[in-house]
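Student: This is the structure I want to talk about, given as structure tokens.
Structural data, given as structure tokens:
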């Protein structure tokens, strides 16, 4: 298995996972043209894509969904409530291959890849994180959640790689020019993961198994890559001081990783 992040942040999100017999795009938050170009730039022919899987209905995760799904003709896996919230017009629905609906804890099999949706606390209709498993290798993509409850921590145990949200620094968010209501939404338990909550998870609940951790969905206004990375490294060193975490922890920029991570 290998993966790369094509886009990360409030302007758009998309993660590409490839195995020997499958290739899945988790979220399609850029235009279809931009996503196809970024796949091509990563050395991946878009026509090779097997499916698109959607975490939730917010625009930075579905902006290019309709056009890309029609263009590539691949099935779209989505939760029923998420699909209803999209409120797609008839012309936008035409040509889309809707797969069996997603349900929490019910794995879907795409080629040799098993994807398991995990319910997460976020202000969306039916939001999910995912674990992806193939050939005894496990990856988790955990973004867009206000905090990490025990059941999410349990599901990501044993992962070889972890894509983990580090959306905002609490002090930067408080001092930002965002409206108060938006600040409250972001910082709430149905909002986005702060550096503090990300660090708490790594310090208290993370099993130390992963050989690759990518911090994702950083706010360009309310966070800084080095703040997020430092918070992660401090927690990891406190919990598992014997490992070289410097080489394990990376931060996904808005334009994506620009390279693959092989597992």
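Residue numbers (my numbering): 22 to 284. For each residue, glycine too, the CB sits at the ideal point set by N, CA and C.
1) Out of curiosity, what's the CA-to-CA distance linking residue 119 and residue 100?
2) Using three-state DSSP, classify residue 248 as helix, strand or coil.
3) Grab me the residues of residue 117's own chain with a C-beta within less than 7 Å of its C-beta, minus the 5 sequence neighbours each way, in chain order.
4) Under 8 Å Cβ to Cβ from residue 168, same chain only, skipping five residues before and after it: list those, please.
5) Roughly how many angstroms lie between the CA atoms of residue 63 and residue 161, to the nearest whole one?
6) Please name the residue, chosen from 206, 38 and 258, that lies closest to residue 145 on a Cα-to-Cα basis.
7) Would you please state the rounded distance, in angstroms, between the beta carbons of residue 177 and residue 163? I believe it to be under 8 Å.
8) For residue 82, which three-state DSSP category applies?
9) Residues in its own chain within less than 7 Å of residue 43 by CB, not counting five upstream and five downstream?
10) Can you tell me whether residue 143 sits near the ligand SAM, meaning its C-beta is under 7 Å from at least one heavy atom of the ligand?
11) So, helix, strand or coil for residue 215, using DSSP?
12) Scan the segment 112 to 192 and note each continuous alpha helix (DSSP H) run of 4 residues or more that stays entirely inside, going in chain order.
13) Would you call the segment 190 to 202 in contact with the segment 74 to 87, where contact means no fewer than 3 C-beta pairs closer than 8 Å?
14) Grab me the residues of residue 199's own chain with a C-beta within less than 8 Å of its C-beta, minus the 5 sequence neighbours each way, in chain order.
15) Identify whether residue 103 lies in helix, strand or coil by the three-state DSSP scheme.
Tutor: Taking the geometry as given:
1) 10 Å
2) helix
3) 87, 90, 91 and 97
4) 142, 210, 214 and 218
5) 21 Å
6) 206
7) 6 Å
8) helix
9) 71, 131, 132, 133 and 134
10) In terms of ligand content, the structure shown is empty, and the ligand SAM therefore cannot be addressed.
11) strand
12) 171 to 176
13) no
14) 207, 242 and 243
15) helix
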